Amino acid sequence: MAFQNSVFSESPTYAGTVEDPATKLSFPIFLNTGNEWKRLVGLGDFDKEKFLENEEMANQLLDQPYDMSIRLIPFRNTNTQHLRDGFVRSFMQRMKQQTLTEDQEKEILIAIQEFKNNFVTMGVKKETEFVFTKTKEGGLKMIYEGKDWGTVNNKWLAKNFIMAYITPQSPSSEAALQDIVLGFERLMKEVKDFK
Numbered sequence: 001m002a003f004q005n006s007v008f009s010e011s012p013t014y015a016g017t018v019e020d021p022a023t024k025l026s027f028p029i030f031l032n033t034g035n036e037w038k039r040l041v042g043l044g045d046f047d048k049e050k051f052l053e054n055e056e057m058a059n060q061l062l063d064q065p066y067d068m069s070i071r072l073i074p075f076r077n078t079n080t081q082h083l084r085d086g087f088v089r090s091f092m093q094r095m096k097q098q099t100l101t102e103d104q105e106k107e108i109l110i111a112i113q114e115f116k117n118n119f120v121t122m123g124v125k126k127e128t129e130f131v132f133t134k135t136k137e138g139g140l141k142m143i144y145e146g147k148d149w150g151t152v153n154n155k156w157l158a159k160n161f162i163m164a165y166i167t168p169q170s171p172s173s174e175a176a177l178q179d180i181v182l183g184f185e186r187l188m189k190e191v192k193d194f195k
């Protein structure tokens, strides 16, 4: 999860990396996303318990005009159709959980179709890198192995992609959520200590 110049990352050990204890994969502390460097916040006075109680704090965080990135590294070979379909199922589930107008639903479905169209049909090798960024403008930028796959300019889509990883209710990865929360806690302590 990247916060302004910070990042959550899901992979080889180099100086400036941390190892995920569950997968034994190493992740860089700093991630270059095009022309910007972001700082790792976490691996899959800040109130950790409040953050984990409900989505209110996560929603407030995602409403801020910051770039926030999720770096995903498949730990086994897969394909883009499989990944894309999982993301789309997550979007559809989040739509069902929210009260949306008919016009909002139409806009979101158009954005989901654009998101699907941006996925090139291909095999994905394990330990390759996807970076999904909610831009400060509210779009969802997609990068695979350094190649820009486009930006879907829909605030709902961008926010709900990231929210799938930081929601306390059924996150995409419980381990990632816990590590992101610890990363925010460390970041807030560093900010407090800096002052």
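Per UniProt numbering, the sequence shown starts with residue 1, numbered consecutively. Positions of the beta carbon are idealized from the N, C-alpha and C atoms, including for glycine. These figures come from a predicted structure and were not determined experimentally.
Considering Cα atoms alone, identify which of the options is closest to residue i.
| i | options | result |
| --- | --- | --- |
| PHE119 | LEU140, GLY16, ALA176 and GLN64 | LEU140 |
| LYS50 | ALA175, PRO168 and GLY183 | PRO168 |
| GLU107 | LEU177, VAL152 and LEU182 | VAL152 |
| VAL131 | SER90, LYS48, MET68 and ILE29 | MET68 |
| LEU83 | GLU102, MET122, GLY146 and ASN32 | MET122 |
| TYR144 | PRO28, ASN160, THR80 and GLU174 | THR80 |
| SER125 | PHE75, ASN35 and GLU174 | This sequence places Lys at residue 125; Ser is not what is there. The residue with the shortest Cα to Cα distance from LYS125 is PHE75. |
| MET142 | ASN35, LYS48 and ILE70 | ILE70 |
Could you tell me the alpha carbon to alpha carbon distance between residue i and residue j, rounded to whole angstroms?
| i | j | result |
| --- | --- | --- |
| ALA164 | LEU62 | 12 Å |
| THR135 | PRO65 | 8 Å |
| GLN60 | GLU114 | 26 Å |
| GLU56 | GLY16 | 33 Å |
| GLU137 | ASP148 | 17 Å |
| ILE162 | ASP85 | 16 Å |
| GLU127 | ASN77 | 8 Å |
| LEU182 | PHE91 | 26 Å |
| LEU72 | GLU129 | 6 Å |
| LEU187 | ARG39 | 10 Å |
| ASP45 | THR133 | With a pLDDT of 49 at ASP45, under the threshold of 50, the predicted position of this residue should be treated as unreliable, though the coordinate-derived value follows. In a straight line, the C-alpha of ASP45 is about 26 Å away from that of THR133. |
| PRO171 | ASN32 | 26 Å |
| ALA175 | GLN93 | 20 Å |
| TRP37 | PHE184 | 18 Å |
| ILE110 | ASP103 | 11 Å |
| PHE3 | ASN35 | The predicted model places PHE3 with a pLDDT of 47, which falls under 50 and marks its position as unreliable, so this point remains unresolved. |
Ordered along the chain, which non-local residues of its own chain (more than five positions away) have a Cβ less than 7 Å from that of residue i?
| i | result |
| --- | --- |
| VAL88 | ILE112 and LYS116 |
| ILE166 | MET1, ALA58, LEU177 and ILE180 |
| GLU53 | PRO168 |
| GLY150 | ASN118 and MET142 |
| ASN160 | PHE91 and ARG94 |
If you drop the 5 nearest sequence neighbours on each side, which residues of the same chain put their C-beta closer than 6 Å to that of residue i?
| i | result |
| --- | --- |
| GLU19 | SER26 |
| LYS48 | VAL181 and GLU185 |
| GLY146 | none |
Can you find the residues in the same chain that come closer than 8 Å, C-beta to C-beta, to residue i, ignoring five residues on each side of it along the sequence?
| i | result |
| --- | --- |
| ILE29 | GLY16, THR17, VAL18, ARG39 and LEU40 |
| GLU105 | MET95 |
Can you confirm whether the stretch 95-108 touches the stretch 142-158 when touching is taken to mean that 3 or more C-beta pairs between the two stretches lie within less than 8 Å? Yes, the stretch 142-158 is in contact with the stretch 95-108.
List in chain order: all unbroken beta strand (DSSP E) runs of 3+ residues lying wholly within the UniProt domain "Chalcone isomerase" (53-181). Listed in chain order, the beta strand (DSSP E) elements of length 3 or more contained wholly in the UniProt domain "Chalcone isomerase" (53-181) are 68-72, 130-134, 140-144 and 147-152.
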